[in-house]
Structures are given as C-alpha cells and as structure tokens.
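Novice: Just passing along the structure, written as structure tokens.
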Amino acid sequence: MDWIDKLGKITKTYEGNNTTHVKWNVTVIPKAYEEVKEIINLANKEKLSIYPYCFNSHHIGPQIKVDIGLNLSNFNQILEISEEDLYVTSQSCIKVEELFSLLRAKGLFLPALFEGSLGGLLGTNFPTIFSSFYGYPKNLVLMAKIITGDGIIVKSGGKTAKFSSGYKLHKVISGSLGWLGIYLETTLKLYPSPETIVTIKTNNVELMSKYRPVSIIYERNERNEESSYVLFLGFNKVIRDIEKELGAKAEERLYRLNYEGDNVISIHVTRGKEIEEIKKVYNYVKVERANCILGTGYCRLIVKDFNHIDELRRNVNGYVVVERGEYSGDYWGFKSETMKKLKQALDPSNILSPNLF
208 MDWIDKLGKI TKTYEGNNTT HVKWNVTVIP KAYEEVKEII NLANKEKLSI YPYCFNSHHI
268 GPQIKVDIGL NLSNFNQILE ISEEDLYVTS QSCIKVEELF SLLRAKGLFL PALFEGSLGG
328 LLGTNFPTIF SSFYGYPKNL VLMAKIITGD GIIVKSGGKT AKFSSGYKLH KVISGSLGWL
388 GIYLETTLKL YPSPETIVTI KTNNVELMSK YRPVSIIYER NERNEESSYV LFLGFNKVIR
448 DIEKELGAKA EERLYRLNYE GDNVISIHVT RGKEIEEIKK VYNYVKVERA NCILGTGYCR
508 LIVKDFNHID ELRRNVNGYV VVERGEYSGD YWGFKSETMK KLKQALDPSN ILSPNLF
C-alpha cells in the first residue's frame, strides 16, 4: 500500500495542484481536527511534505512543491463571541472581512482587515490599516489552538489579556507562513465599535497630529506622484469638525490594501521612517506602485523586475523581502537562528512547507 492509499483511509483524496506558486500531488480536505492530526502523523511516518492553506491566495516567498495540499476550508465557523469580555473565538478559515462585518453589526470592532482568511492573516502577520494604532495582527491574539509539525494539538494563551505567563506559542508562530505550525482556532481581542469609520484623502495630516488619526496610508506611483489616505474613527460630530478644519471630504469607506501583483517586494524599516526609506527604492528598482502603512515599518511595492535587489538591500536601512515572483536569489534577505531552533522543536521532521525559508 503506497502513501496515497494510506492517506485515503484517513480522508477522501482529490487531485493535486499544478497551477499556482505552490504545487502539490494530492489534496485533502479534512472535516475534523483529528483527521488533520492523523494526516500530519502519516506525513511524519512516510517522510511526506505538507502545505496548509485555506484559499491559497496569498503565498509569500519562493515557489515550493509538496506532496499534500492540506485544505482547511471546512474550519470556517465562529465559535464564541463575548460582548462582555470583548473577544471572539473563530476557526481559521473564516474570511476576515466576513468576521469584521459580522462583529460590527453586533457593535463590536475587530481592528484588522484582510482579503483572505483569518489563518492567512495570522500566518503572514501582514499589518492592516488599523495596525499603526492597534498593533500587528499577532498583537490581537489572546489564545489559539494550534497543531504543530509533529502532530501535537496545543492550546496556548487565555481568553483575557491578563494571561501573561508561559511560552506564547500563539504569538510566536504568527508570521511564519504555516512553517512552524497551523492555527486551527484563534481568540482575538475586540473593542466597542466606533460610531463611524471614515477615510480622508489629504497630505495635511501627520500620524502624531492633534487630529489623532488611526492610520495614514501613503501611496506612490511610478511617476513619483504621492497620495495619503487618513483613517479616522469616532463620533460623527468630531469627524465633521475635522472635515471643516482640513477642507476635505470624509468618505465612509475603508482603504483597501492591494495584495496583488506578479512581482512584489516589501521593505521592513524603523517605524516612522517609511517615507524616507521608500524614496530610496526608486533609485534602484522600477516601481509600478507602492504603499506604506505609516507607523508600522512596512511598505509594499509592485515592481517590474528584481534587478538590483542586492544593491537595494545594501542601501536601505532595514531589510527587503521578495514576497512574490520568480527570483533566483535569496527571497528573505535575512537569516534567523531563532526560527531554525523553533522549527527543530515544533516540526523536527520538516514536513510543513519545506524549503520555504
């Protein structure tokens, strides 16, 4: 009996994938956590590789090929909402925008927005339009149920922010792209919903200004034309007063970060230095579009090619990551001994997305 037959005894198998940045031979769509555990245990025993995903829409890093595509899309339910203690517990494949809207309808506010799954948001730890004020996605995580690469289901953290002791695995694996472990369920911190959330296009507001904006998104195109979008939340009367002072119209909409693009790089710099550093990028690579979330240290750029990436890395005060595209060099621009040690501890057989880092 080969490994595909053994896999079929755990759960139904489907055709693999050969069309995106990640390729795999066989797809499985488990319906229970126990099936996920059995699949991972089989992979360890048979020396197989696994790529976990919900929608496979935001792969970061080099193209990889694995044996099993672990589709977790069945795990998409909200499990608990506490209006009193201000938290929500959800499975990882719920869409973040759906969760955001549902909570707002209940008078609750999740300060994170992402065109993808909750697991994808935490796996990438991309800053969102709320991150300047509320922190990166991992800062919202109170507790999580995680399965590691050696098939152990772990519950880490607690439902209130008072939890502080112990090894914070629920935060450690955020940003590891599923390489260190897989989020199954997550409990996130919530806030009372603001009366209104608006965006104003203006270049006349700074992040630390008297207007107390929640976020400023800076855009720059290939012609070096600059735009700034300022996010405010609060009471309608206050927003109207800000409109009058700025002489600009507020729109009741949220700025949408564009995560698309064939060739994408990001720069990670000291918070507050985003504009200063992104201007350097234009001296080395051909940029089609760029945006920065000021105060997060993160800027994302769609570029025409990856020529001169090494030169760019030598001249930017931070590090440069090739997020997407065919690149022959080092995608990450840094090495982490801590990540290696965590990998050895959590996934000693290296079954989760090998060769990603």
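For the sequence shown, position 180 (counting from the first letter as 1) is numbered 387 according to our numbering, and the numbering increases by one without interruption.
Backbone N, C-alpha and C fix where the C-beta goes; we use that ideal spot for every residue, glycine too.
1. Report yes if the C-beta distance between Val566 and Thr355 is below 8 Å; otherwise report no.
2. Is it the case that the region 477-486 contacts the region 526-535, given that we only count it when at least three CB pairs across the two stretches are under 8 Å?
3. Counting C-beta neighbours from all protein chains within 10 Å, is the total for Ile424 16 or more, i.e. buried, or is it exposed?
4. Between Gly536, Lys542, Gln551 and Asn428, which lies nearest to Val510 when the distance is taken from Cα to Cα?
5. Taking just the CA atoms, how far does Pro420 sit from Thr394?
6. Quick one: grab the DSSP three-state call for Asp517.
7. Threshold first: 4 residues or longer. Then list the alpha helix (DSSP H) segments lying entirely within the region 364-406, N to C.
8. As a quick exercise: from Cys300, Glu450, Leu508 and Lys216, pick the residue whose alpha carbon is nearest that of Glu481.
9. Taking just the CA atoms, how far does Asn498 sit from His186?
10. Decide if the region 383-399 is in contact with the region 293-305; the criterion is three or more beta carbon pairs, one per stretch, under 8 Å apart.
11. Once you ignore the five residues that flank Leu376 on each side, which residues in its own chain have a CB closer than 7 Å to its CB?
12. Taking the straight line between their C-alpha atoms, what separation do you get for Asp212 and Asn251?
13. Closest to Val405 by CA distance: which of Gly358, Tyr343, Ile380 and Ile336 is it?
14. Here's the rule I'm using: 16 or more other beta-carbon atoms within 10 Å means buried, otherwise exposed. How should Ala239 be labelled?
15. Count the C-beta pairs between the region 459-467 and the region 321-338 that are closer than 8 Å, then say yes if the count reaches three, no if not.
16. Expressed to the nearest angstrom, what Euclidean distance is found between the alpha-carbon atoms of Ala455 and Asn443?
17. CA-CA distance, Ala312 and Ile558?
18. Can you find the residues in the same chain that come closer than 6 Å, C-beta to C-beta, to Lys345, ignoring five residues on each side of it along the sequence?
19. Exposed or buried, which one is Arg430 when buried takes at least 16 other CB atoms within 10 Å?
20. Compare the beta carbon distance of Ile389 and Pro259 with 8 Å and say whether it is the shorter of the two.
21. Give the single residue among Thr227, Glu241 and Cys261 whose Cα lies nearest to the Cα of Lys272.
22. Leaving out the 5 sequence neighbours to the left and right, which residues in its chain are closer than 7 Å to Phe282 when beta-carbon positions are compared?
23. Bridge partners of Trp231, per DSSP?
24. Which of the three DSSP states, helix, strand or coil, is assigned to Lys456?
25. Starting from Glu290 and walking both ways along the alpha helix (DSSP H), at which residues does that stretch end?
26. Quick check: what's the CA-CA separation for Ser324 versus Thr409?
27. Rounding to the nearest angstrom, what Cα-Cα distance links Asn514 and His266 in this structure?
28. Just to confirm before moving on: does the CB-CB distance between Asn522 and Leu453 stay below 8 Å?
Specialist: Put simply:
1. Outside the modelled stretch of the chain, which goes from 208 to 564, sits residue 566, for which no answer is possible.
2. no
3. buried
4. Asn428
5. 27 Å
6. helix
7. 376-379
8. Leu508
9. Outside the displayed span of the chain (208 to 564) sits residue 186, for which this structure offers no information.
10. yes
11. Ile353, Val361 and Ser363
12. 16 Å
13. Ile336
14. exposed
15. yes
16. 15 Å
17. 41 Å
18. Asn332, Lys378 and Ser381
19. exposed
20. yes
21. Thr227
22. Gln298, Ser299, Cys300 and Leu391
23. Asn224 and Val273
24. coil
25. Looking at the DSSP string, Glu290 is not in any alpha helix (DSSP H), and its letter there is neither H nor E.
26. 31 Å
27. 22 Å
28. no
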